[in-house]
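Student:
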Amino acid sequence: MSLNEEFLQRVNQLYQIFIKHDATMPDRIHRYRNIEPESAQYLAMLIRIQQSRKILEIGTSTGYSTLWLADAAQVTQGQVTTLEIDEKRTHQAKQYAKELSVDNVIDFWVGDAQKFIETSSEIYDFILLDAEREAYVNYWKYLPNMIQPQGGVLIVDNVISHAAEVKDFICEVKKDNRFMTTTLSLGAGLFMVVFKS
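First residue of the sequence shown: 179, per the working numbering; consecutive thereafter.
#1: If we call anything under 8 Å between Cβ atoms a contact, is G241 one with A271?
#2: With C-beta atoms as the reference, is I284 less than 8 Å away from A275?
#3: Quick test of your reading: L234 and I333, contact by CB under 8 Å. State the CB separation rounded to the nearest angstrom.
#4: Grab me the residues of L362's own chain with a C-beta within less than 7 Å of its C-beta, minus the 5 sequence neighbours each way, in chain order.
#5: Helix or strand or just coil, what does DSSP make of Y274?
#6: Here's the rule: buried if 16 or more other CB atoms are within 10 angstroms of the residue's CB, otherwise exposed. What is T297?
#7: What are the partner residues of A318, as DSSP defines its beta bridges?
#8: Quickly, what does DSSP pair I284 with across the bridge? List them, please.
#9: By how many angstroms is the C-alpha of P322 removed from the C-alpha of R356?
#10: Rounded to whole angstroms, what is the Cα-Cα separation between M179 and L278?
#11: If you measure between the beta carbons of L307 and I236, is that distance less than 8 Å?
#12: With W246 and V189 assumed to form a contact (beta carbons below 8 Å), what rounded beta-carbon distance in angstroms separates them?
#13: Check the C-beta distance from V351 over to W318 and give it rounded, since I have them as a contact under 8 Å.
#14: In whole angstroms, what is the alpha-carbon distance linking L186 and E216?
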């Protein structure tokens, strides 16, 4: 069963714990910086609507968004691959996934996302990009080859809250005439990228 009361209660608790942690950290690199609940729920809905089977998350952090993606993947009989450079955060995320019984649909990958992206030959129905923003322009050299041409979607978080930091990346994407894009004012701002045809 997915999105039951127990799941919703626990992810809400975790979000509050993560927010409190971030409030005590003056250095942003030590913050968990999880996606907002309304954005996470929207992504989970989108996976259900699309019936996404192959899901990639770039930036696990402590796994808040991963839990939502995995819950949706259980409904679509999909699989989530999630990338995180920090082993401690991956360990935390694994524990939460096990606790909420969604670990069976998640592959945790620890390392530099750039290496994964450069060497991957996989094509994904759904990609969430929520990592270190200065790396996005380099990622874009490879991401178009990873998005499923028939109905695949790339979603990028924090495009309103950190508009200046993602400006160059968004310009690069918009220059590529194979894609349609739109920005949704949910949470910190979601940028959606899909193939035109």
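Positions of the beta carbon are idealized from the N, C-alpha and C atoms, including for glycine.
Tutor: In short:
#1: yes
#2: yes
#3: That belief does not hold up - the Cβ atoms of L234 and I333 are roughly 11 Å apart, past 8 Å.
#4: L368, M370
#5: helix
#6: exposed
#7: Residue 318 is actually Trp in this sequence, not Ala. W318 is not bridged to any residue.
#8: V258
#9: 9 Å
#10: Any reading at M179 must be qualified, since the residue scores a pLDDT of 45, below 50, and its modelled position is unreliable; the value itself is stated next. Straight-line Cα distance between these residues: approximately 11 Å.
#11: yes
#12: 7 Å
#13: 6 Å
#14: 12 Å
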